[in-house]
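Those letters in the sequence shown? Residues 377 to 710, per my numbering, in order. Glycine is no exception: its CB is placed at the ideal position from the N, C-alpha and C atoms. Here is the structure we will look at.
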Amino acid sequence: MAEGKKVKLALYWAATCGGCDVATLDIEERILDLAAIADIVLWPVAMDFKYEDVETLEDGSVDICLFNGAVRLGEHEELAKLLRQKCKVMVAFGSCACFGGIPGLANVANREQIFNIAYKETVSTENPEGVTPQTELEVDGKKLTLPVFFDEVFALDRVVDVDYYVPGCPPAVERINDLVDIVAKYAETGELPPKGAVIASEKALCEECPRKREEKRIKEIRRPQDFLPDTEKCLLEQGLICLGPATRGGCGARCINANMPCRGCYGPTAAVRDHGASVLSAIASVLGLEEETELTEEQLTAITDQIKDPLGTFYRFTLPVALLNKVVQKKEVE
Ligand code: SF4
Ligand code: SF4
Ligand code: SF4
């Protein structure tokens, strides 16, 4: 970057709840630092830019894009590709962009099944003609092309090359500040972290968790609404399903500090291929299931049956990037 030149920044939201955009504003006065070093060329939630404004920009003329949300629609894929073409650096911002996130749980069903429920089967729906979203529409003799609703939800790096990942639902303020520091350093020196870097910890959440662990075995799985957990002891050892052992740290253990177990929004550590499978193995160990030869099949089933909604529990944020995603989809198609 030439000295004194401002960084050109684009922020975009795809399949998102808007929380990642709000989290960007949570950095409070540091937003002024960002304003001092960056010119924003696109930010649909806050400013009135048109997609055509982006199309007219020269390729590679925008420095950094913070892309939040998963890819659900053809429009999201189109914008991801357009922004990839216009931006030097693409950042997957938030768990939805990094792993598919909460919208990715819809991968248990395909487009037709989703449309049937949403537009035909719910008790509050009145749709006698069974109309579902179309991809083409004729209005006053003019044909309009509408966004395609894909059969599955994708993480951003399934459709474009991604340079950096900022996980979290939404990312913690401290990590967004790290990102502002990266942008500031880039503005000053032109230097960037190594490609593929994850702006979070390299260690598992358990390693930054302040709670005491005693490698205690548990007899039953409990849910947060059933009791008030001890605030000093490991939540997993109190019977709550806490995804800390397989989840990347960096959030400051914010759920644990609120006496709630980790739900895994930072996704897996680099050492873990499949987030849910790794958590399952940690839970099996604390339940003593590794010694399952001593348990009868009924006892084993009684324990595993206590886990309500296993898919939503173990793959809440990562189903689209899980090995299981294909299995779930294949099963739905068969
Ligand atoms: S990562 Fe979480 S906060 Fe961000 S868009 Fe997705 S659901 Fe919302
Ligand atoms: S399992 Fe959860 S509560 Fe226990 S140490 Fe790990 S992060 Fe903390
Ligand atoms: S404790 Fe777990 S679920 Fe909560 S913010 Fe941290 S990584 Fe996300």
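Pick from the options that is closest to residue i, judged by C-alpha positions
i	options	result
G652	I617, G445 and T501	I617
E550	I403, D409, D527 and G566	I403
G445	V697, G476 and I683	G476
T432	F690, K592, K462 and S577	K462
K457	Y427, C472 and L481	Y427
D539	N701, F443, D681 and S657	F443
R593	A647, L663 and V430	L663
A411	L385, A390 and V421	L385
T511	F525, E502 and K518	F525
N553	N701, I407, K381 and D435	I407
K595	C631, T677 and P644	T677
A399	A531, D685, P547 and S500	P547
L418	E505, A485 and S437	S437
C-alpha gap between residue i and residue j, whole angstroms
i	j	result
Y642	T694	9 Å
V709	E590	Bear in mind that the predicted position of V709 carries a pLDDT of just 48, short of 50, making it unreliable; the figure below should be weighed with that in mind. Cα-Cα distance, rounded: 45 Å.
G394	P479	12 Å
H452	L387	13 Å
G688	E454	29 Å
C585	E488	43 Å
N483	V529	6 Å
R598	Q614	8 Å
D533	A646	16 Å
G620	Q682	19 Å
T607	N633	8 Å
V515	Y495	22 Å
V697	A422	30 Å
E583	E502	52 Å
N701	A658	21 Å
E328	K519	It is not possible to answer for residue 328, since the shown part of the chain is limited to 377 through 710.
D527	P686	23 Å
K684	P644	21 Å
L481	T498	19 Å
T508	A531	25 Å
L513	T521	7 Å
Paired residues, beta bridge with residue i - DSSP
i	result
W389	N444
L513	L520
R624	A580
R630	R630 pairs with nothing; no bridge assigned.
D415	K384
C463	V438
P479	According to DSSP, which records beta bridges pairwise, P479 is partnered with nothing at all.
R598	L616
Cβ-Cβ distance between residue i and residue j below 8 Å
i	j	result
P523	L449	yes
V536	M466	yes
A560	I413	yes
R639	R692	yes
C396	F491	no
G575	L604	The sequence given here has Ile at residue 575, not Gly. No. Outside cutoff.
G625	L581	yes
D439	K464	yes
Y541	C474	yes
A660	V383	no
C472	T392	yes
A731	V447	No information on residue 731 is available, as it lies outside the stretch 377 to 710 that the chain covers here.
V655	A622	yes
C610	K579	no
I558	P570	no
Proximity test, Cβ basis, 8 Å: residue i and chain B
i	result
M466	In summary, chain B is missing from the structure at hand, where a single protein chain is found.
When you get a sec, list the residues whose CB is within less than 5 Å of any heavy atom of ligand 1, chain order please. T392, C393, G395, C396, G470, S471, C472, G477, I478, C545 and P546
So if I measure from each beta-carbon to every heavy atom of ligand 2 and keep distances below 7 Å, which residues remain? L581, C582, C585, R587, R589, C610, L611, L612, E613, C618, G620, P621, A629, I632, P637 and C638
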